Amino acid sequence: MTQTSLNVAGDFPLLGRTVRDGKRLVYLDTGATAQKPTAVLDAERRFNEKHNAAVHRGAHQIAEEATEAYEAARAAVAGFVGAEFSEIVWTKNATEGLNLVAYSFLNATLGLGGTAAERFRLAEGDEIVVTELEHHANLVPWQELAAKTGAKLRWISATEDGRLDPASFDVIGEKTRIVAFTHASNVTGAITDVPAVVDRAKAVGAYTVLDACQSAAHLPVNFTELGVDFAAFSGHKMLAPTGIGVLYGRGELLEAMPPFLTGGSMVEIVTMEETTFMPPPQRFEAGTQMVAQTAGMHAAIDYLNNLGMDRLAAHEDQLAERMLEGIATVPGIRVLGPTTPENRLAVVAFDVPGVHPHDVGQVLDDQGIAVRVGHHCAQPAHRSFGVHASTRASAGVYNTNDDVDAFIEGLKQVVKFFG
Amino acid sequence: MTQTSLNVAGDFPLLGRTVRDGKRLVYLDTGATAQKPTAVLDAERRFNEKHNAAVHRGAHQIAEEATEAYEAARAAVAGFVGAEFSEIVWTKNATEGLNLVAYSFLNATLGLGGTAAERFRLAEGDEIVVTELEHHANLVPWQELAAKTGAKLRWISATEDGRLDPASFDVIGEKTRIVAFTHASNVTGAITDVPAVVDRAKAVGAYTVLDACQSAAHLPVNFTELGVDFAAFSGHKMLAPTGIGVLYGRGELLEAMPPFLTGGSMVEIVTMEETTFMPPPQRFEAGTQMVAQTAGMHAAIDYLNNLGMDRLAAHEDQLAERMLEGIATVPGIRVLGPTTPENRLAVVAFDVPGVHPHDVGQVLDDQGIAVRVGHHCAQPAHRSFGVHASTRASAGVYNTNDDVDAFIEGLKQVVKFFG
Amino acid sequence: MEQLYQQVILDHSRERSGEGTLENPAGQSFQVNPTCGDECNVQVNTAEGKISELAWTGKGCSISQASLSLMYEMVDGEPVTEVEELGETFRELIHNRGQELDPEKMDQLEDLGAFTGVGRYSARVKCALLGWMALRDALIQAQDGSKEGSGE
Amino acid sequence: MEQLYQQVILDHSRERSGEGTLENPAGQSFQVNPTCGDECNVQVNTAEGKISELAWTGKGCSISQASLSLMYEMVDGEPVTEVEELGETFRELIHNRGQELDPEKMDQLEDLGAFTGVGRYSARVKCALLGWMALRDALIQAQDGSKEGSGE
Ligand SMILES: Cc1ncc(COP(=O)(O)O)c(C=O)c1O
Ligand SMILES: Cc1ncc(COP(=O)(O)O)c(C=O)c1O
Numbered sequence: 001m002t003q004t005s006l007n008v009a010g011d012f013p014l015l016g017r018t019v020r021d022g023k024r025l026v027y028l029d030t031g032a033t034a035q036k037p038t039a040v041l042d043a044e045r046r047f048n049e050k051h052n053a054a055v056h057r058g059a060h061q062i063a064e065e066a067t068e069a070y071e072a073a074r075a076a077v078a079g080f081v082g083a084e085f086s087e088i089v090w091t092k093n094a095t096e097g098l099n100l101v102a103y104s105f106l107n108a109t110l111g112l113g114g115t116a117a118e119r120f121r122l123a124e125g126d127e128i129v130v131t132e133l134e135h136h137a138n139l140v141p142w143q144e145l146a147a148k149t150g151a152k153l154r155w156i157s158a159t160e161d162g163r164l165d166p167a168s169f170d171v172i173g174e175k176t177r178i179v180a181f182t183h184a185s186n187v188t189g190a191i192t193d194v195p196a197v198v199d200r201a202k203a204v205g206a207y208t209v210l211d212a213c214q215s216a217a218h219l220p221v222n223f224t225e226l227g228v229d230f231a232a233f234s235g236h237k238m239l240a241p242t243g244i245g246v247l248y249g250r251g252e253l254l255e256a257m258p259p260f261l262t263g264g265s266m267v268e269i270v271t272m273e274e275t276t277f278m279p280p281p282q283r284f285e286a287g288t289q290m291v292a293q294t295a296g297m298h299a300a301i302d303y304l305n306n307l308g309m310d311r312l313a314a315h316e317d318q319l320a321e322r323m324l325e326g327i328a329t330v331p332g333i334r335v336l337g338p339t340t341p342e343n344r345l346a347v348v349a350f351d352v353p354g355v356h357p358h359d360v361g362q363v364l365d366d367q368g369i370a371v372r373v374g375h376h377c378a379q380p381a382h383r384s385f386g387v388h389a390s391t392r393a394s395a396g397v398y399n400t401n402d403d404v405d406a407f408i409e410g411l412k413q414v415v416k417f418f419g
Numbered sequence: 001m002t003q004t005s006l007n008v009a010g011d012f013p014l015l016g017r018t019v020r021d022g023k024r025l026v027y028l029d030t031g032a033t034a035q036k037p038t039a040v041l042d043a044e045r046r047f048n049e050k051h052n053a054a055v056h057r058g059a060h061q062i063a064e065e066a067t068e069a070y071e072a073a074r075a076a077v078a079g080f081v082g083a084e085f086s087e088i089v090w091t092k093n094a095t096e097g098l099n100l101v102a103y104s105f106l107n108a109t110l111g112l113g114g115t116a117a118e119r120f121r122l123a124e125g126d127e128i129v130v131t132e133l134e135h136h137a138n139l140v141p142w143q144e145l146a147a148k149t150g151a152k153l154r155w156i157s158a159t160e161d162g163r164l165d166p167a168s169f170d171v172i173g174e175k176t177r178i179v180a181f182t183h184a185s186n187v188t189g190a191i192t193d194v195p196a197v198v199d200r201a202k203a204v205g206a207y208t209v210l211d212a213c214q215s216a217a218h219l220p221v222n223f224t225e226l227g228v229d230f231a232a233f234s235g236h237k238m239l240a241p242t243g244i245g246v247l248y249g250r251g252e253l254l255e256a257m258p259p260f261l262t263g264g265s266m267v268e269i270v271t272m273e274e275t276t277f278m279p280p281p282q283r284f285e286a287g288t289q290m291v292a293q294t295a296g297m298h299a300a301i302d303y304l305n306n307l308g309m310d311r312l313a314a315h316e317d318q319l320a321e322r323m324l325e326g327i328a329t330v331p332g333i334r335v336l337g338p339t340t341p342e343n344r345l346a347v348v349a350f351d352v353p354g355v356h357p358h359d360v361g362q363v364l365d366d367q368g369i370a371v372r373v374g375h376h377c378a379q380p381a382h383r384s385f386g387v388h389a390s391t392r393a394s395a396g397v398y399n400t401n402d403d404v405d406a407f408i409e410g411l412k413q414v415v416k417f418f419g
Numbered sequence: 001m002e003q004l005y006q007q008v009i010l011d012h013s014r015e016r017s018g019e020g021t022l023e024n025p026a027g028q029s030f031q032v033n034p035t036c037g038d039e040c041n042v043q044v045n046t047a048e049g050k051i052s053e054l055a056w057t058g059k060g061c062s063i064s065q066a067s068l069s070l071m072y073e074m075v076d077g078e079p080v081t082e083v084e085e086l087g088e089t090f091r092e093l094i095h096n097r098g099q100e101l102d103p104e105k106m107d108q109l110e111d112l113g114a115f116t117g118v119g120r121y122s123a124r125v126k127c128a129l130l131g132w133m134a135l136r137d138a139l140i141q142a143q144d145g146s147k148e149g150s151g152e
Numbered sequence: 001m002e003q004l005y006q007q008v009i010l011d012h013s014r015e016r017s018g019e020g021t022l023e024n025p026a027g028q029s030f031q032v033n034p035t036c037g038d039e040c041n042v043q044v045n046t047a048e049g050k051i052s053e054l055a056w057t058g059k060g061c062s063i064s065q066a067s068l069s070l071m072y073e074m075v076d077g078e079p080v081t082e083v084e085e086l087g088e089t090f091r092e093l094i095h096n097r098g099q100e101l102d103p104e105k106m107d108q109l110e111d112l113g114a115f116t117g118v119g120r121y122s123a124r125v126k127c128a129l130l131g132w133m134a135l136r137d138a139l140i141q142a143q144d145g146s147k148e149g150s151g152e
């Protein structure tokens, strides 16, 4: 096992702090949210100190600069995920992006968007397919859409090792209108075979919605090549600030889709009676946007591009392998998900039989090791493993072998303490 | 006229920059977005460098700190607007807050939220009342809601001097279910007599939705005393970062309302079939929130509280008076809105006959004076004045008499250049 | 760690008192901790102003389980008003950021004083209080019921 | 200021050429600048590969009005392919951040060169191009129409 450490922890101010009476912080909770490099914080601050103004709404110099920064960030994101400029819509987080798609289908179903939007109308008898491994963000909006339109929710099930079970792909059938699925599970870390799902969905003419929240942050992704119709992810998981997310939508679809949030900056002509809307992406960006955060997002993309997503992925593969091997040396621990490093992220959830995750996390925290405990917003995924909750260690660009080793050592203390 | 300058421009780094080849920046576009004091930028950065972690989702020390910062900011906002802690919902901007209310009514109408939510159901024959002075953010969502539910949109009209016309308040009648209106117009600057509208709405049992986007930033406000049911405003207009906004909802109503965005952190029990939701405010905060921005919002509220909203309002009153008097010295200019300083903000839109607002703004910009040109996201308000667009100067805490004087001088140049 | 996981807590989390269900509870309350999906159900009957029967089921961490078990031992058979008062004092302790309350209150809390350290960890506050939230809720129901009952 | 508001522009914004409407335009396009609500409507007929008739209406700032007026003068009666080429060159100029293009292109642009300064102000780019966007759109319609027409 070679060390592929990128040695960038020094770029991340928060990682220099200590916790619990002077302990070195070992941050293994990147699956929840990533720490931010100085370059990102500087970019956001520079925007606020030099170029802050209303975007697409002013004719003065600072407003022009703000608008240019805002759209340059969009171009950077488009390049990062293999999309066209106007296929990138800013949202506050991935959750909003997924809701945007669900609500646009609802609005079309309720008659908005004219004939262009008829293709998005749902009716009783239609089916929406999700999976048992979804984060609540890519499950509950579809439950709600089904409840409101009379469509039926069906789902792909999970295998014992936490992957999508191809044997259950036949829930995708003639009645399927939408297939919403995750690119990578935030519980099991398993990476989905996207083409297998997309091919099947395309064969029946269903729209595909990809939850790229974990993947875009850790793998090179190209939505055009993946062939999905929509994809959503969050900046805060990929070194960018909180409060900024992205929805990708295939150009032709965004063109035809009715808006979701309505208000300023997304309209053409407004009378008291009636309103016409701008083309995408503006049509989906109502109100004053998270402009300073787009500047931070731009810097995060630059940072990741400089590093190279391939190198980042290789680095994290190696950490995943080390984590899995380390966990295997602690007797009794059950990994929820694949136990081998292929086609998975460095996101490892596990069960310590007889010890509740809260207690596991507490003993780790006491040693300075920050992990996540609970259901990680994926209760059905946990239920598929027959557990209520789990402990999850997840790595990022800044983690090192030392971090993994400290975590394994900490896990041994947990077992000792409660053993 | 006494100078009440607060002399705080030095707290705002951006105001120290120059524009257009070294000209001093005179920023009179606060109605669009405010500049940020160092204290706000520092608070946001401190959060990112010391306390950034997932909120309400982790058991490690940093997650605890992040959660505490996030909820402390909510408490500060609640205190600032006279609300209870759980009546404050974070949004990305005011636009989202207003859409949240409209979509929750829609969801209730479509059967979600059980019997508790029946009170929000709309039906054909019901009426929604708005006003001609609304920002598109408080108009288009209601147009859309009406189109989707079969309710009818009616409106209060504007007087010649840009106030709500009490003679038209009788559009609020027995069929009215919702009255959505602005606390202060972002075009005319007129402050609404809120009790007059609320009393009428209450008399017919209609819900009231207040657009407090301009008011909360410039006046002391107390939503409980105003007696409104919902109110929305944006952080970026009140010295806080972009990407953070607030929806106020009366406790009893938020309790009964079905959620809008769905996903993580707002659910109780999730099965593949069905989901139960948390109580407010969490029910309305799906996904990872704009946590660093709440820290910035907290600092902005502290800054405003230290200054005193009464003093701020008095300062801006004086600037408004100086602006109106100055404009009156430039022949031919028509103010859109009240021409006297009572019951108005320091937001002054005007028409220079024969000169298009773009051209007005350009000549001002050339002198370093940043104003807004266009329809300011309020096309119907402009139409009520018989114009397409206007130029708007709007002041903030950091402006001085010198700024106003420079603006008036600039306006004279405009008339000279195109005269 | 030892400050948080006092021996009393570890013991009660392993050997739990009061687990079970009642046949005809006058009050019952189901509570969830949304972070982890932990849950508990508390059932209660009252008679002559006292808790006459009490039982609980639940799954959760050592803190929440020990809290339920110790709660059972401390309040079963006790006067409702005293139980409510004890609950208030316990809540106060848990919100006291790891500091003890004044000696009088610590005396009143008896073994519950072992939870003092929980207050240092804000993410665990809910764990310690989950059972007590359910109890408060269940008691309100039980007493509403008995008032209604006696009114007929 | 004088760099932006060249005399040619000020003159054309006051004395506008080509304002009006056609009776039976083969192509027409309505364009809005959402920032300010400015709008224009361009109508066109083509014959033998040339613009045979052209008219426009609109409201907007001096830049957009002057651009429409000068556009009319430059393209009315000209071959469609040349007009499209001119439009491309003009777009290139406006996106050139205030710098002139190479002398050959500047020659081609003739009086349109007065718009060079607009490129320094990104918020005004749309003003200068609004009419040309409408013309491009209208020409596409007109030619689709004439192709369809000739096919019958
Ligand atoms: C009166 C009024 N309402 C609503 C809004 C919308 O606010 P935001 O764009 O921050 O959502 C604004 C500002 O643009 C406003 O001035
Ligand atoms: C797989 C997955 N999907 C969706 C989300 C939701 O992202 P956010 O909370 O940023 O909206 C997350 C993270 O919480 C996630 O891990």
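Protein chains in written order, with the working numbering: chain A, 1 to 419; chain B, 1 to 419; chain C, 1 to 152; chain D, 1 to 152. In this text, a Cβ means the ideal position worked out from N, Cα and C, and glycines have one as well. Here the structure is a predicted model, which means the values were calculated and not measured.
- The straight-line gap separating the alpha-carbon atoms of R97(C) and Q65(C) is approximately 21 Å.
- When the beta-carbon positions are compared, A34(B) and K237(B) come within less than 8 Å of each other.
- Going by C-alpha positions, V140(B) is about 6 Å away from G263(A).
- Any heavy atom of ligand 2 within less than 5 Å of a residue's beta carbon puts that residue on the list, which reads N93(A), A94(A), T95(A), H135(A), A137(A), N186(A), D211(A), C213(A), Q214(A), S234(A), G287(B), T288(B).
- In the DSSP assignment, T21(C) falls outside any beta strand (DSSP E), carrying neither H nor E.
- Close to Y5(D), with beta-carbon spacing below 9 Å, lies no residue of chain A; the smallest spacing is near 14 Å.
- Taking the Cβ of G205(B) as the reference point, every heavy atom of ligand 1 lies at 7 Å or farther away.
- N138(B) is not a Cβ neighbour of L164(B), given a cutoff of 8 Å.
- For H236(B), the CB falls within less than 7 Å of some heavy atom of ligand 1.
- If you look at D76(D), you'll find it isn't in any alpha helix (DSSP H); DSSP assigns it neither H nor E.
- Chain D has no Cβ within less than 8 Å of the Cβ of V352(B).
- When beta bridges are read from the DSSP output, K152(A) appears opposite E127(A).
- For R372(A), the enclosing beta strand (DSSP E) begins and ends at 372-374.
- By DSSP's assignment, I369(B) forms a beta bridge with V26(B).
- Under DSSP, F181(A) forms a beta bridge with L210(A).
- Taken through DSSP and simplified to helix, strand or coil, I327(B) comes out as helix.
- Three or more beta-carbon pairs separated by less than 8 Å link the region 124-139 of chain A to the region 148-156 of chain A, which places the two stretches in contact.
- Nearest C-alpha to S17(D) among V118(D), G58(D), P103(D): G58(D).
- For the options A108(A), A180(A), G337(A), the alpha carbon positioned closest to that of A349(A) is the one of G337(A).
- Cβ neighbours of V404(A) within its own chain (closer than 7 Å, five residues either side excluded): L319, R322, M323, G326.
- Following the DSSP letters along the chain, one finds K50(D) inside the beta strand (DSSP E) bounded by residues 50-59.
- By the neighbour-count definition (other C-beta atoms within 10 Å, threshold 16), A72(A) is an exposed residue.
- It is roughly 23 Å from the alpha-carbon of Q7(D) to the alpha-carbon of C40(D).
- Put simply, the backbone Cα of P281(A) is about 13 Å away from that of Y70(A).
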